[in-house]
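Using mature numbering (1 follows the signal peptide of the UniProt record, and there is no 0), the letters of the sequence shown map in sequence onto residues -21 to -1, 1 to 532. Cβ coordinates follow ideal geometry from the N, Cα and C atoms, glycine included. See below for the structure under consideration.
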Amino acid sequence: MDVLICGFLLSFLQLLCISRAEVFTSMAELENLIISEKDVVETLENYLAAEEARLLKVRRYTNEFKELYRKVAADGVEKFIAHPVNTYRLIKRLTTDWKEIEDSLNAPLGREYLQIVFNQRSVLTFPTDEDLTGVAVALSRLQDTYRIDSLSIAKGKIKGVAVSPSLTPAECFELGRVLYNFKDYDHSIDWMTTALQRFDDVPATELSNDTTSRVDVLEYLAFGNYMKGDVRTALRFTNQLLAYEPTHERAQNNIGYYEKEIAVRSEGRKKGDDGKTVVAKKGTIQVKPNNWETEKRLYEVLCRGEKQADASVDPRLKCYYAVPSPSFVVQPVKAELLNIDPDMLMYHQVVSDNEMTVIKMLAAPRLARATVQNSITGELETAHYRISKSAWLHKDDHEVIDRVNKRITAITGLDTDYAEELQIANYGIGGHYEPHFDFARKAEAKAFQSLGMGNRIATWLLYMSDVEAGGATVFPRLNKAFWPEKGSAVFWHNLHKNGEGDLRTRHAACPVLSGVKWVSNKWIHEYGQEFRRPCGLTPDGYEPEDSSNADIE
């Protein structure tokens, strides 16, 4: 800053030298010189004020980071990022807030430092606008699944989750803005409404650095309601906006537009506009009830830990020590029968902490956005209904992978040489996988074709972390929910004995509400299992299981 001020003064002195006109010979000229100097000082003060404001913004950013870093140092990185609000604020700081800092540093004095940061960004991972959208959508998904209102999140009070920092009106506004651009108008309006409430809840002293105003929020509330077709509410919010800022040009223009729109709609109102049922005219498409909505409701109920009214406990379900092969004679496997027909088992503490640490270390640098198989082309692609990152590990990558594969064979009785590589999945904030089948259905002829091992006969799902809240594996058609337990695995057959897919095994991974979820999947295929799980002519019924044998059919 000193360099810039000196340069400014030198330029001014040069001007004085050029136009000095012997000022020392006239008192009047000396008086003018005093006035000129006063103007220069005022200009310098304006410059200093602008610089100080710019530096204050940067200082505020660095102070917020220091405060954050102290909390991270106290709690640990993994615990800190496990909370959805902390994750959102982190990504917001490195996207929206950082753009403001960039603008500040683009001033001549800051360009040198800005270049340093750009050099760092080329090496480090910085979130993008897509990440900001992703975290906003994830938060709205958590709200829907776990029935959490936005005001509770904004106040840092989520049931079953550690208290988090509260959100400012600006942070609530940014969530609403991102969701508006994502065309999720319902959640956008919800967060904009919360932003207005936060203006009343947060002390004025804490809002001094908040760049968002009520006018900004009211404008988006008007836009969001208009996009939903609620023009009257849009008009109401626009009138509220003008009460705060009567000269707001866009709002003034919108008032006339909204009033005209309401008049046109009133003139064109026909019978049935009041929401009453009207018989469709011939040729009109009738919309049938959506089975997905029913399944989604069941899925969300199970994710919340609720059970359907008809849920009952089968007295045949039990825990026991299993000896599925001679290698387990000395140390039997802790087995728990979770469901009968189809049979589902949980094997407790079958992989050690050290083994899971090695698996996660091997997978971490390979993690990429998880994919699903296109039912038509057979190709792998990303999808909005599966949000996680995954990596694949071969048995030759490390002795631990080979050892775990052999253990799966010993416990399940199925040959893992005819299986896909071990898939490691990491679920972050709102990470989920909506209801799906692991096996390929008849219409999906090309699925797994390239593997040449037939369909997926069974699934081994190992939980490699405990999850603070959320993250259950649920089976809507069975009214079952299994919760992550580090080191334990759930196992089930996807196919009946006649090779037909078992539709009851349709399952989902619930959104992670708080915490980090690590799992590994071993999908075992049909080929190579002919003598290990013999085929049948009809779908299998329940056969009583000898508790000394863990390979329950």
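- Task: Measure the beta-carbon distance from M335 to G466 and round it to whole angstroms, keeping in mind my assumption that it falls under 8 Å.
- Result: Right, the Cβ-Cβ distance comes to about 7 Å (below 8 Å), so this counts as a contact.
- Message: Could you give the first and the last residue of the continuous alpha helix (DSSP H) run that contains F178?
- Response: Annotation for F178: the continuous alpha helix (DSSP H) segment containing it runs 164 to 180.
- Message: By alpha-carbon positions, which one of E279, E228, A222 ends up nearest to C489?
- Response: Checked all of E279, E228, A222; the closest Cα to C489 is E279.
- Item | Through-space distance from E30 to T4, alpha-carbon basis | The pLDDT assigned to T4 is 33, lower than 50, so where the model puts this residue is not dependable; a value taken from the coordinates is nonetheless given after this. The alpha-carbon atoms of T4 and E30 are separated by roughly 38 Å.
- When you compare each of T226, L220, Y300, S304 to H327 by their alpha carbons, which one comes out closest? Ranking T226, L220, Y300, S304 by CA distance to the CA of H327 puts Y300 first.
- Item | Which listed residue (T173, T517, D375, K476) has its alpha carbon closest to that of I127 | Here the closest residue by C-alpha is T173.
- Counting only runs of 4+ residues fully inside the region 36 to 65, write out the alpha helix (DSSP H) ranges in chain order. The qualifying runs are 56 to 60.
- Query: Can you tell which of I168, L130, M206 has the C-alpha that lies nearest to the C-alpha of D179?
  - Reply: When each option's Cα is compared against that of D179, the closest is L130.
- Meets three-Cβ-pair contact criterion under 8 Å: the region 149 to 157 and the region 430 to 448: The answer is no - the region 430 to 448 does not touch the region 149 to 157, with fewer than three Cβ pairs under 8 Å.
- Where Q231 falls: helix, strand or coil (DSSP): It is helical.
- Beta-carbon contacts of W170 that lie in its chain and below 7 Å, excluding the five residues immediately before and after: Excluding positions up to five away in sequence, the list reads S129, C151, L154, G155, L158.
- Per DSSP, which one or two residues make a beta bridge with W271? W271 pairs with nothing; no bridge assigned.
- Considering N500, what are the terminal residues of the beta strand (DSSP E) in which it resides? Unbroken beta strand (DSSP E) run through N500: 496 to 504.
- Measuring CB to CB, does K207 end up less than 8 Å from Y164? Between K207 and Y164, the C-beta gap is smaller than 8 Å, which places the two residues in contact.
- Do you know how far the Cα of I338 is from the Cα of A398? The alpha-carbon separation between A398 and I338 amounts to approximately 18 Å.
- Item | Element boundaries [beta strand (DSSP E), containing residue 533] | Given that the chain is displayed from residue -21 to residue 532, the structure contains no residue 533 and the question cannot be resolved.
- Query: If you run the structure through DSSP and keep just helix, strand and coil, what is P344?
  - Reply: Reduced to three states, the DSSP call for P344 is helix.
- Indicate the three-state DSSP secondary structure (helix, strand or coil) for E447 in the structure shown. Annotated three-state conformation of E447 is coil, per DSSP.
- Message: If I follow the unbroken beta strand (DSSP E) through S429, where does it start and stop?
- Response: No beta strand (DSSP E) holds S429; DSSP gives it neither H nor E.
- Query: Do the CB positions of L214 and I241 come within less than 8 Å of each other?
  - Reply: A distance below 8 Å separates the beta carbons of L214 and I241.
- Near K374, which residues of its chain fall below 6 Å by C-beta distance, leaving aside the five closest residues on each side in sequence? For K374, where only same-chain residues beyond five positions count, the Cβ hits under 6 Å are I380, D381, N384.
- Mapping DSSP to helix, strand and coil, what is L197? Assignment of L197 by DSSP, reduced to helix, strand and coil, places it in the helix class.
- Task: Ignore the nearest five residues each way along the sequence and tell me which others in S145's own chain have a CB closer than 7 Å to its CB.
- Result: The residues are A133, K134, G135.
- Task: Just tell me which of V308, P311, L317 has its CA closest to the CA of P294.
- Result: Residue L317 holds the alpha-carbon nearest to the alpha-carbon of P294 among V308, P311, L317.
- Task: Assign K286 to buried or exposed, taking buried as 16 or more other Cβ atoms, counted over all protein chains shown, within 10 Å of its Cβ.
- Result: Counting every other CB atom within 10 Å of its CB across the protein chains shown gives K286 a total below 16, marking it as exposed.
- Buried or exposed: where does D332 fall if 16 or more other Cβ atoms within 10 Å of its Cβ makes it buried? When all chains shown are included, D332 counts as exposed.
- Message: Looking at the strands, I want to know which residues DSSP matches up with C298.
- Response: C298 pairs with E315.
- Residue interval of the beta strand (DSSP E) (run including Y442): If you look at Y442, you'll find it in the beta strand (DSSP E) that goes 435 to 442.
- Item | Unbroken beta strand (DSSP E) run spanning A487, endpoints | Looking at the DSSP string, the run of the beta strand (DSSP E) that includes A487 is 486 to 488.
- Task: Following the continuous alpha helix (DSSP H) through S131, name the residue where it begins and the one where it ends.
- Result: Element bounds for S131: 129 to 133.
- Item | heavy atom of the ligand SAM below 7 Å from E153 C-beta | The ligand SAM is absent from the structure shown, which contains no ligand whatsoever.
- Query: How far does the beta strand (DSSP E) with F470 in it reach, from first residue to last?
  - Reply: According to the DSSP assignment, F470 belongs to the beta strand (DSSP E) that extends over 468 to 472.
- What do you reckon, are the CB atoms on R483 and L457 nearer than 8 Å? Remark: C-beta atoms of R483 and L457 approach each other more closely than 8 Å.
- Residues near E194 in its chain [Cβ-Cβ closer than 7 Å; skip 5 each side]: Before going on, a small fix: residue 194 reads as Val here, not Glu. Same-chain partners within the cutoff: L220, Y223, E224, H227.
- Message: Can you check which of these residues, V140, L277, L73, E79, is closest to E109 by C-alpha distance?
- Response: Of V140, L277, L73, E79, the smallest CA-CA separation from E109 is found for L73.
- Message: Quick check on K260: buried or exposed, where buried means 16 or more other Cβ atoms within 10 Å of its Cβ?
- Response: Low confidence applies here, because K260 scores a pLDDT of 40, under 50, leaving its location unreliable; read the following figure in that light. K260 is exposed by the Cβ-count criterion.
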